[in-house]
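Residue numbers (the numbering used here), protein chains in the order written: chain A, 76 to 334; chain B, 14 to 107.
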């Protein structure tokens with residue numbers, strides 16, 4: 076059952092950020108970026124679908140990927156607080172994406188390495204599916220890191236106005252980043268069971284990406300700030316409820332309706 | 014916006030071995046961004062394996078008013094097409 080929770084968390088992160096990005100559809104600053112953001116939204120929602128389907132199989136209680144996405148309430152979601160933060164201006168969206176992708180890429184790379192290592196191979200065909208999902212995601216996430224890094228640099232090292240907005244976005248979102256690297260019981264149990272990523276190991280990779288990109292962007296990140304946490308255990312910011320209300324509306328009002 | 018992001022012409026090669034074909038144009042600040050925008054705008058449905066971009070201002074086009082002197086003379090010279098040969102039966106791939 077720990078595996079179920081572990082997969083569910085990854086799925087929730089992808090679903091919620093995917094939904095946030097989809098809110099830009101038709102509202103992007105220019106057509107090219109409108110499409111770029113909705114492309115990434117579809118990457119993330121695709122990951123979420125595969126992960127939810129796998130989580131439902133692991134749980135084996137007859138639930139489907141749709142049940143997991145549409146019929147759980149706020150406290151049942153275990154996504155990071157970072158991904159549920161509102162789009163704000165384009166700077167906030169770019170910075171949120173950059174922070175999350177800079178975490179998600181090394182996470183999946185590490186997961187892939189663990190699941191590929193024949194020594195730690197546990198006899199569980201579900202983990203082979205998880206490895207497949209991770210390997211597909213790595214290609215997508217590599218592009219997400221590239222896209223968001225480019226924009227952090229362009230806007231950070233752009234005009235006075237764009238620099239100011241980027242710095243504001245970093246200052247307001249940075250406090251949501253550390254939660255990703257704090258191990259809790261689910262993370263520890265996952266390591267014991269042989270499929271867990273050691274979060275402390277990927278933190279330096281994340282920090283290195285931040286340092287490289289933000290330095291080139293002439294931006295700084297806050298020091299000694301209070302770090303928010305809670306998403307992984309179901310304690311969310313006020314924003315998630317509104318997001319779910321919109322995302323789950325149809326399934327709640329017309330239960331069991333299908334496409 | 015227009016000043017900072019000029020127009021770029023996008024060429025996509027759909028498969029190895031084929032030519033790059035013009036597919037459209039988009040706005041971008043520089044070549045790198047033009048490639049990334051082209052990836053997002055024009056290759057979402059597996060249309061391509063390679064992208065060329067060139068800033069539109071570097072393309073010189075023929076003048077539509079010149080179309081008579083440029084293209085009209087070719088019209089009555091059908092003999093330039095290899096359509097007057099009798100091909101033997103059984104020859105393929107021509």
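C-beta atoms are modelled at their ideal positions from N, C-alpha and C, and glycine is treated no differently.
Residue i classed as buried or exposed, judged by whether at least 16 other C-beta atoms fall within 10 angstroms
i                      : result
residue 17 of chain B  : exposed
residue 38 of chain A  : There is simply no residue 38 of chain A to check, as chain A begins at 76 and stops at 334 in what is shown.
residue 181 of chain A : buried
residue 125 of chain A : buried
residue 87 of chain B  : exposed
residue 114 of chain A : buried
residue 66 of chain A  : With chain A running from 76 to 334 in the structure shown, residue 66 of chain A is simply not present.
residue 76 of chain B  : exposed
residue 35 of chain B  : exposed
residue 189 of chain A : buried
residue 219 of chain A : buried
residue 95 of chain A  : buried
residue 59 of chain B  : exposed
residue 81 of chain B  : exposed
residue 320 of chain A : exposed
residue 89 of chain A  : buried
residue 332 of chain A : exposed
residue 102 of chain B : exposed
residue 98 of chain B  : exposed
residue 79 of chain B  : exposed
residue 74 of chain B  : exposed
Cβ-Cβ separation, residue j to residue i (assumed contact under 8 Å), whole Å
i                      : j                      : result
residue 303 of chain A : residue 225 of chain A : The Cβ separation is near 27 Å, so there is no contact.
residue 232 of chain A : residue 293 of chain A : 5 Å
residue 87 of chain A  : residue 179 of chain A : Contact flag wrong, Cβ pair sits at about 12 Å.
residue 230 of chain A : residue 133 of chain A : Not really, about 41 Å apart at Cβ, beyond 8 Å.
residue 296 of chain A : residue 49 of chain B  : That pair is no contact at about 25 Å.
Same chain, Cβ closer than 8 Å to residue i, five either side skipped, listed in chain order
i                      : result
residue 259 of chain A : 307, 308
residue 208 of chain A : 122, 125, 126, 129
residue 69 of chain B  : 19, 20, 21, 22, 38
Cβ shell of residue i (< 7 Å), same chain only, five flanking positions each side left out
i                      : result
residue 210 of chain A : 187
residue 174 of chain A : 157, 248, 252
residue 150 of chain A : 309
residue 85 of chain A  : 126
residue 378 of chain A : As shown, chain A starts at 76 and ends at 334. That puts residue 378 of chain A outside it, with no answer to give.
residue 51 of chain B  : 23, 39, 64, 66
residue 316 of chain A : 149
residue 40 of chain A  : Residue coverage of chain A in this structure runs from 76 to 334, which leaves residue 40 of chain A outside it and unanswerable.
residue 262 of chain A : 271, 274
residue 212 of chain A : 122, 183
CB contact check: residue i to chain C, cutoff 9 Å
i                     : result
residue 92 of chain A : Reference to chain C is not applicable here, since the protein chains of this structure are A and B.
Beta bridge counterpart(s) of residue i as assigned by DSSP
i                     : result
residue 21 of chain B : B:39, B:68
Residues near residue i by beta carbon distance below 6 Å, same chain, minus five either side
i                      : result
residue 118 of chain A : 215
residue 167 of chain A : 244
residue 99 of chain A  : 112
residue 362 of chain A : Residue numbering for chain A in the displayed model covers 76 to 334; residue 362 of chain A lies beyond these limits and cannot be assessed.
residue 109 of chain A : 103
residue 204 of chain A : 129
Closer than 8 Å: residue i CB and nearest the ligand NAD heavy atom
i                      : result
residue 159 of chain A : The ligand NAD is not part of this structure, which contains no ligands at all.
Which residue spans inside the stretch 251-326 of chain A form an unbroken alpha helix (DSSP H) run of at least 4?
-> 260-267, 274-291, 314-322
Alpha helix (DSSP H) runs wholly inside the stretch 24-79 of chain B, at least 4 long, in chain order = 44-55
Along the chain, which unbroken stretches of the alpha helix (DSSP H) at least 4 residues long are found entirely within the stretch 119-169 of chain A?
-> 140-145, 156-159
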